[in-house]
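Everything on this sheet refers to the single structure shown next.
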């Protein structure tokens, strides 16, 4: 027997299908080249479903970014800097090669370019990056740092994005371990507060 979904559950499922389709198509074809009809068709829905759940591409972009934040809440650092580096590295090295992360990375690059051209999307992108940096600043507050926490957080985000792009293009020359080595270099002078 098929389980009946509540209206809210059905709407959440529809939104996820649309976000999955948009993320894939934005990464594969680009934001401007992807139509709302294509997104709806890839999700097995009509364009009306997009308008019932999102206002258009900008809202889909914001939804993709919000979903990524909800999925990737950074871990709290342990008391040891080395343990924190190991956990950050292990998490990144495990997830970076997955198809889901590749799909998001490709869509993210499209979103980044779109955000540089479109003010509303730039605001969404800026807020998303600030939230990611804020997660790191929160975690860095447990440590004495050679740089201000905001700058250290920006370096960690830059490593994440930069190594991911290079790994996608040339995984043989930029293996996933490059991220961990970079985090070690950025955090080598960091010590737990006493």
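Residue numbers (full-length UniProt numbering): 1 to 194.
Glycine residues also receive a C-beta, built at the ideal position from the N, C-alpha and C atoms.
Since the structure is predicted, the reported quantities are computational estimates derived from the model, not experimental observations.
1) Looking at the structure shown, is residue 196 part of a helix, part of a strand, or coil, going by DSSP?
2) Report yes if the CB atom of residue 186 is closer than 8 angstroms to the CB atom of residue 92, and no otherwise.
3) Can you check whether the CB of residue 49 is closer than 8 angstroms to the CB of residue 14?
4) I need the boundaries of the alpha helix (DSSP H) containing residue 68, first residue and last residue.
5) Check residue 118 in the structure and name its three-state DSSP category.
6) Within 10 Å of its beta-carbon, does residue 179 have 16 or more other beta-carbons around it, so buried, or fewer, so exposed?
7) Assess contact between the segment 133-147 and the segment 187-194, defined as three or more Cβ pairs (one per stretch) separated by less than 8 angstroms. Is contact present?
8) Decide yes or no for the touch test of the segment 26-35 against the segment 6-13: beta carbon pairs closer than 8 angstroms, at least 3 of them.
9) Ignoring anything shorter than 4 residues, give me the alpha helix (DSSP H) runs that lie fully in the segment 121-179, in order along the chain.
10) In whole angstroms, what is the alpha-carbon distance linking residue 57 and residue 194?
11) Identify which residue in 89, 99, 61 has its Cα closest to the Cα of residue 118.
12) Please list the terminal residues of the continuous alpha helix (DSSP H) segment that includes residue 188.
13) Taking only the alpha-carbon atoms, compute the straight-line gap between residue 36 and residue 47 and give it to the nearest angstrom.
14) Need the endpoints of the alpha helix (DSSP H) that residue 26 sits in, please.
15) Along the chain, where does the alpha helix (DSSP H) containing residue 49 start, and where does it finish?
16) Helix, strand or coil for residue 96, going by three-state DSSP, please let me know.
17) Helix, strand or coil: how does DSSP classify residue 86 here?
18) So is residue 124 buried or exposed if we call it buried at 16+ other beta carbons inside 10 Å?
19) To the nearest angstrom, how far is it from the Cα of residue 137 to the Cα of residue 153?
20) In angstroms, rounded to a whole number, what distance separates the CA positions of residue 116 and residue 109?
Taking the structure as given:
1) In the structure as shown, the chain starts at 1 and stops at 194, and residue 196 therefore has no counterpart that could be examined.
2) Position 186 of the chain shown, counting from 1, holds the residue named residue 186. Position 92 of the chain shown, counting from 1, holds the residue named residue 92. Cβ distance not < 8 angstroms, so residue 186 and residue 92 don't count as in contact.
3) Position 14 of the chain shown, counted from the start, is the residue given in the question as residue 14. Position 49 of the chain shown, counted from the start, is the residue given in the question as residue 49. Yes, they are a contact pair.
4) Working through the chain shown from its first residue, we reach residue 68 at position 68. Counting along the chain, the alpha helix (DSSP H) containing residue 68 begins and ends at 57-71.
5) To locate residue 118, count along the chain shown from 1; it is residue 118. Residue state, collapsed to three classes: coil.
6) Numbered from 1 along the chain shown, position 179 holds the residue referred to as residue 179. Counting Cβ neighbours within 10 Å, residue 179 comes out buried, since at least 16 surround it.
7) yes
8) no
9) 149-169
10) Position 57 of the chain shown holds residue 57. Position 194 of the chain shown holds residue 194. Cα-Cα distance, rounded: 48 angstroms.
11) Counting from one through the chain shown, the residue named residue 118 turns up at place 118. For residue 118, the nearest C-alpha among the options comes from 61.
12) Here residue 188 refers to the residue found at position 188 of the chain shown. Element bounds for residue 188: n/a, residue is neither H nor E.
13) Position 36 of the chain shown, counted from the start, is the residue given in the question as residue 36. Position 47 of the chain shown, counted from the start, is the residue given in the question as residue 47. Near 6 angstroms, if we compare the C-alpha coordinates of residue 47 and residue 36.
14) Here residue 26 refers to the residue found at position 26 of the chain shown. 7-29 is the span of the alpha helix (DSSP H), which, as asked, contains residue 26.
15) Sequence index remark: in the chain shown, residue 49 carries index 49 (1-based). Looking at the DSSP string, the run of the alpha helix (DSSP H) that includes residue 49 is 47-53.
16) Taking the chain shown and counting its residues from 1, one reaches residue 96 at position 96. Here residue 96 sits in coil by DSSP.
17) Indexing the chain shown from 1 puts residue 86 at position 86. In the structure shown, residue 86 sits in a helix (DSSP, three-state: H, G or I).
18) The sequence position of residue 124 within the chain shown is 124, counting from 1. Flag for residue 124 reads buried.
19) Start at 1 with the first residue of the chain shown, and residue 137 comes out as number 137. Start at 1 with the first residue of the chain shown, and residue 153 comes out as number 153. The straight-line gap from Cα to Cα measures roughly 6 angstroms.
20) Working through the chain shown from its first residue, we reach residue 116 at position 116. Working through the chain shown from its first residue, we reach residue 109 at position 109. Cα-Cα distance, rounded: 11 angstroms.
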